[in-house]
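Participant: Residue numbers (this note's numbering), protein chains in the order written: chain A, 34 to 445; chain B, 34 to 445.
(1) I believe residue 424 of chain B touches residue 48 of chain B by the beta-carbon criterion, under 8 Å. Please report the beta-carbon distance rounded to the nearest angstrom.
(2) Fully enclosed by the region 341-425 of chain B, which beta strand (DSSP E) runs are 3 residues long or longer?
(3) So if DSSP puts residue 104 of chain A in a beta bridge, which residue, or which two residues, is it bridged to?
(4) Count the other CB atoms, across all protein chains shown, that sit within 10 Å of the CB of residue 52 of chain A; report buried if there are 16 or more and exposed otherwise.
(5) Measure the Cβ-Cβ separation of residue 117 of chain A and residue 159 of chain A and say whether it is below 7 Å.
(6) Suppose the cutoff is 8 Å on Cβ atoms and the five residues either side in sequence are ignored; what does the same chain contact list for residue 106 of chain B look like?
(7) In angstroms, rounded to a whole number, what distance separates the CA positions of residue 171 of chain B and residue 222 of chain B?
(8) Would you say the region 255-264 of chain B touches the region 407-415 of chain A, given that touching needs at least three Cβ pairs under 8 Å?
(9) How would you label residue 340 of chain A, buried or exposed, when you count the other beta carbons within 10 angstroms and need 16 or more for buried?
(10) What's the C-alpha gap between residue 381 of chain A and residue 367 of chain A?
(11) Mind listing which residues of the region 422-442 of chain A have their C-beta closer than 9 Å to chain B's C-betas, in chain order?
(12) For residue 90 of chain B, I'd like the list of residues in its chain whose CB is within less than 8 Å of its CB, leaving aside the five on either flank, ordered along the chain.
(13) Could you check if residue 87 of chain B belongs to the surroundings of the ligand ADP, using beta carbon to heavy atom distance under 6 Å?
(14) Helix, strand or coil for residue 288 of chain B, going by three-state DSSP, please let me know.
(15) Near residue 108 of chain A, what residues of its chain come up, given a Cβ to Cβ distance below 7 Å and the 5 sequence neighbours on each side ignored?
(16) Should residue 288 of chain A be flagged as near chain B, meaning a C-beta pair shorter than 7 Å?
(17) Over the uninterrupted beta strand (DSSP E) stretch that includes residue 197 of chain A, give me the two end residues.
(18) Have a look at A:317, A:270, A:316 and A:325 and flag the residue whose alpha-carbon is nearest the alpha-carbon of residue 290 of chain A.
(19) Should residue 385 of chain B be labelled buried (16 or more other beta-carbon atoms within 10 Å of its own) or exposed?
(20) Within the same chain, show all residues whose beta-carbon is closer than 6 Å to that of residue 279 of chain A, passing over the 5 residues directly before and after it, in chain order.
(21) Only counting runs of 4 or more residues, tell me where the alpha helix (DSSP H) segments fall wholly within the region 34-65 of chain A, in order along the chain.
(22) Mind checking residue 234 of chain A: buried by the 16 CB within 10 Å criterion, or exposed?
(23) Could you pull the start and end residues of the beta strand (DSSP E) that residue 220 of chain B belongs to?
(24) Along the chain, where does the alpha helix (DSSP H) that runs through residue 78 of chain B open and close?
(25) In angstroms with no decimal places, state the Cα-to-Cα distance between residue 239 of chain A and residue 254 of chain B.
(26) Just checking: is the beta-carbon of residue 264 of chain B within a distance shorter than 7 Å of some beta-carbon in chain A?
(27) Roughly how many angstroms lie between the CA atoms of residue 347 of chain A and residue 131 of chain A, to the nearest whole one?
(28) Is there a Cβ of chain B sitting closer than 7 Å to that of residue 162 of chain A, yes or no?
(29) Helix, strand or coil for residue 433 of chain B? Go by DSSP, reduced to three states.
(30) Would residue 440 of chain A and residue 219 of chain A be called neighbours here (beta carbons separated by less than 7 Å)?
(31) Check whether chain A comes within 7 Å of residue 119 of chain B, counting only Cβ atoms and requiring the distance to be less than that.
(32) Would you mind working out which of B:310, B:97 and B:399 sits nearest residue 274 of chain B, comparing C-alpha positions?
(33) Within 10 angstroms of its Cβ, does residue 432 of chain A collect 16 or more other Cβ (buried), or is it exposed?
(34) Nearest to residue 317 of chain B by alpha carbon, out of A:322, A:306, A:327 and A:317?
(35) Using CA atoms only, rank isn't needed, just tell me which of B:216, B:94, B:42 and B:212 is closest to residue 139 of chain B.
(36) What does residue 322 of chain B reach in chain A if we use C-beta pairs closer than 9 Å?
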């Protein structure tokens, strides 16, 4: 493996591949509209498939449309080290979210081809179907089916707003395949951070420890409408005042707990929402996240306590409904260690980080040792046509991926 | 005037008149839809006019449709003591808002007729056009034109959402009259409180000191959208968090200043208003009220200071636009004193109170000594079909009006 220490991916080829892919579904503002199982998605898949064939890879498609491009290793039957992400985008998405992980995996295999390196375990690039969930729910559909989180027959029946099912859409683009699920030896996913931490700390590589658990709430506050003029302050039951206190409490919870705590109120609807009427009703959401399940539960308790106190103090009634619980996910320490070591060996600035959002890697981690590599994106912005990343950061992340994958392919 | 001390209005007749009027534009939920210058408004005016003629009153209509029904006094040329309010309603209004003040004035004149009492100064009942402002802006249109706040030619051009002008609407219902503005010796307006204070304190008569001044603001807060998951708490520029702090500050301002201070945030619009996105933009309103102009100005200063501090602390930009300034109005102490004395003489529970909302009396106070009499309304609710008031409270308020008017008619 001494040769491997000098091996580098081709950053220009990686960038050229990303830009060629970004022309498929390109939007006027420089983004991408490549919604899952549409003609644009098919075109993106076809380009990826052609590149895979040109690289001598063996391509398979499974029943939910996941694509697997294999480069055999010395031990043909060893479970493969898989790299991947997704080629579908948000309706007004960017050029890198998902596409980077697939193209980085392809570039790793191309670089190994160029150098004539043979690995012990086989290597694969996976492109998971419908990560975004913007046309068909749920998100993470392809990786969810592959890992058994979702049952295929039910998922194939899900419909978009036009009434088209997942099964019909898969057939219409020619990607209802026949490959059976296979064992995964290890899984790596490279991705833009979709957050501001790396840019803010001038760091090139994020060594991802896992993904935050999430608890989401719908909150309804009921007070009493009243005229703003004739109603003295002490006779009010102001639902918006209670909502404002709760918003600050959620922020306090996000700030005061350890383990990458986040607390967010993103949505608020006020009734009657008239400038001279004391609001009688507010509906709002609360989003709590944490890397540790026990801490997330303690945050939930703090939220419940805050709600009780505010309802008493403001003389309003508050109902709370937990609509999502998603447990935290911890990535495999040995794989995470290889990502960190690769960054260090390459002399790249790096730091431990968590994924605040979900990725296909979260579901893969339920069936195989998993890790992720983050690279910075401009302003932390994604799910937006102005999403941007620097070619040198994308190349650096791909070099880290190459090293971590090579080390894992030998160690499996 | 010894006979006057024993004089009482006829509470049953007052209630019957209110109920007869409430059948015009009656809604299924027990409210009234008698929007200004519509056929229902005409029908209400015609009923009032018929009752005035039956009471031997001399009726005039001015160019903005204000109606004046006069009962002459011993001195024909003395300026009249005017009682009044408005017959138009909100689109989903109640049976008492406005109608009570007009019917109470009529009942005072009927009671004087029955008792054969002759006053020194003439007495009038006024019904002001378009107090509500729900079809044509501005509110308080008729009293505003009468008192010179608005210029008649401009007001006649104002259009409703169908493009019909005030002038056209007045002609279509036959109420573009020719009476010239006349001098007013004094003005009294009886009205339901439209707030909870009298009911909350089990008081029958509100002795109204004046009306609160108002300053209204549009506030726009700009932070930065960010994903709730990947964005750590300390890297956020959360516009909703700033809005929540400002909401609590406005409440603190309302609670901490003297002179009937009120501070209300009634309207809030969040963008993008998605549960897992840190809000980048909030638009909200602030409504400050106070009985003293200097205190209202101090509240404005406190608001500005709070906004500056919040913008710095939360790293957001906040723009503020004052969209309404309405100075406080203080009623005439001698008239207010007669209202208080009347309530005391009649053995009615009473308390000093301010009007949090504007009334025609506010404009009348700019041209004549003015006072108001408040009576309780159920739950403090108005501008709503469920608006309600008790017959005995309405009768009590009318008896107070009778006494205060009689005393004033002799003193002018």
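Cβ atoms here follow ideal geometry from the backbone N, Cα and C, with glycine treated the same way.
Fair warning: this is a prediction, and the values are worked out from it, not measured in the lab.
Facilitator: So, from the data block:
(1) Mapped onto the second chain, residue 424 of chain B falls at position 391. Mapped onto the second chain, residue 48 of chain B falls at position 15. Indeed they touch by this definition, with Cβ atoms about 5 Å apart.
(2) 350-359, 383-388 and 403-408
(3) Stepping through the first chain from its first residue, residue 104 of chain A is reached at position 71. Partner(s): A:156.
(4) In the first chain, counting from the first residue as 1, residue 52 of chain A sits at position 19. The residue is exposed, with fewer than 16 neighbouring Cβ atoms inside 10 Å.
(5) Your numbering for residue 117 of chain A matches position 84 in the first chain. Your numbering for residue 159 of chain A matches position 126 in the first chain. Yes, Cβ-Cβ distance for residue 117 of chain A and residue 159 of chain A is below 7 Å.
(6) The residue you call residue 106 of chain B lines up with position 73 of the second chain. 113, 151, 152, 153, 154, 155, 156 and 442.
(7) As a first step, residue 171 of chain B must be located in the second chain, where it is residue number 138. As a first step, residue 222 of chain B must be located in the second chain, where it is residue number 189. Rounded to the nearest angstrom, the two C-alpha atoms are 20 Å apart.
(8) yes
(9) Counting from 1 along the first chain, the entry for residue 340 of chain A is found at position 307. It counts as buried.
(10) In the first chain, counting from the first residue as 1, residue 381 of chain A sits at position 348. In the first chain, counting from the first residue as 1, residue 367 of chain A sits at position 334. Cα to Cα, the separation comes out at about 19 Å.
(11) none
(12) Counted from its first residue, the second chain places residue 90 of chain B at position 57. Within the same chain, residue 90 of chain B has close Cβ partners 102, 103, 104, 142 and 158.
(13) The ligand ADP is absent from the structure shown, which contains no ligand whatsoever.
(14) The sequence position of residue 288 of chain B within the second chain is 255, counting from 1. Three-state result, residue 288 of chain B: helix.
(15) Your numbering for residue 108 of chain A matches position 75 in the first chain. The answer, listed in chain order, is 153 and 154.
(16) As a working mapping, residue 288 of chain A is identified with position 255 in the first chain. For residue 288 of chain A, the answer is yes, since a Cβ of chain B falls inside 7 Å of its Cβ.
(17) Start at 1 with the first residue of the first chain, and residue 197 of chain A comes out as number 164. Where residue 197 of chain A is concerned, there is no enclosing beta strand (DSSP E), given that its DSSP letter is neither H nor E.
(18) Start at 1 with the first residue of the first chain, and residue 290 of chain A comes out as number 257. The candidate whose alpha carbon is nearest that of residue 290 of chain A is A:325.
(19) Counting from 1 along the second chain, the entry for residue 385 of chain B is found at position 352. It counts as exposed.
(20) Taking the first residue of the first chain as 1, we reach residue 279 of chain A at position 246. If we look at residue 279 of chain A and ignore the five residues flanking it on each side, its Cβ neighbours are 343.
(21) Positions of the alpha helix (DSSP H) runs, each at least 4 residues long and wholly inside the region 34-65 of chain A, are given as 35-39 and 44-55 in order along the chain.
(22) As a working mapping, residue 234 of chain A is identified with position 201 in the first chain. With fewer than 16 other Cβ atoms from the protein chains shown falling within 10 Å of its own Cβ, residue 234 of chain A counts as exposed.
(23) On the second chain, position 187 is the one that residue 220 of chain B refers to. From DSSP, the beta strand (DSSP E) with residue 220 of chain B extends over 219-225.
(24) In the second chain, the residue the question calls residue 78 of chain B occupies position 45. Start and end: 72-87.
(25) Position 206 of the first chain, counted from the first residue, corresponds to residue 239 of chain A. Position 221 of the second chain, counted from the first residue, corresponds to residue 254 of chain B. Straight-line Cα distance between these residues: approximately 32 Å.
(26) Within the second chain, the letter at position 231 stands for residue 264 of chain B. So, interface residue.
(27) Translated into the one-based positions of the first chain, residue 347 of chain A becomes position 314. Translated into the one-based positions of the first chain, residue 131 of chain A becomes position 98. Looking at the two C-alpha atoms, the distance is approximately 46 Å.
(28) Looking up residue 162 of chain A in the first chain gives position 129. By this cut-off, residue 162 of chain A is not an interface position.
(29) Within the second chain, residue 433 of chain B is the residue found at index 400, counting from 1. Reduced to three states, the DSSP call for residue 433 of chain B is helix.
(30) For the purposes of this step, residue 440 of chain A is taken as residue 407 along the first chain, with counting starting at 1. For the purposes of this step, residue 219 of chain A is taken as residue 186 along the first chain, with counting starting at 1. In this structure, residue 219 of chain A does not lie closer than 7 Å to residue 440 of chain A by Cβ.
(31) Your numbering for residue 119 of chain B matches position 86 in the second chain. For residue 119 of chain B, the answer is no, since every Cβ of chain A falls outside 7 Å of its Cβ.
(32) The count along the second chain starts at 1 and reaches residue 274 of chain B at position 241. Nearest of B:310, B:97 and B:399 to residue 274 of chain B, Cα basis: B:310.
(33) As a first step, residue 432 of chain A must be located in the first chain, where it is residue number 399. Classification for residue 432 of chain A: buried.
(34) To locate residue 317 of chain B, count along the second chain from 1; it is residue 284. The shortest C-alpha separation from residue 317 of chain B is found at A:306.
(35) Counting from one through the second chain, the residue named residue 139 of chain B turns up at place 106. Distance from the Cα of residue 139 of chain B is smallest, within the candidate group B:216, B:94, B:42 and B:212, for B:42.
(36) The sequence position of residue 322 of chain B within the second chain is 289, counting from 1. Within chain A, the residues near residue 322 of chain B are 261 and 262.
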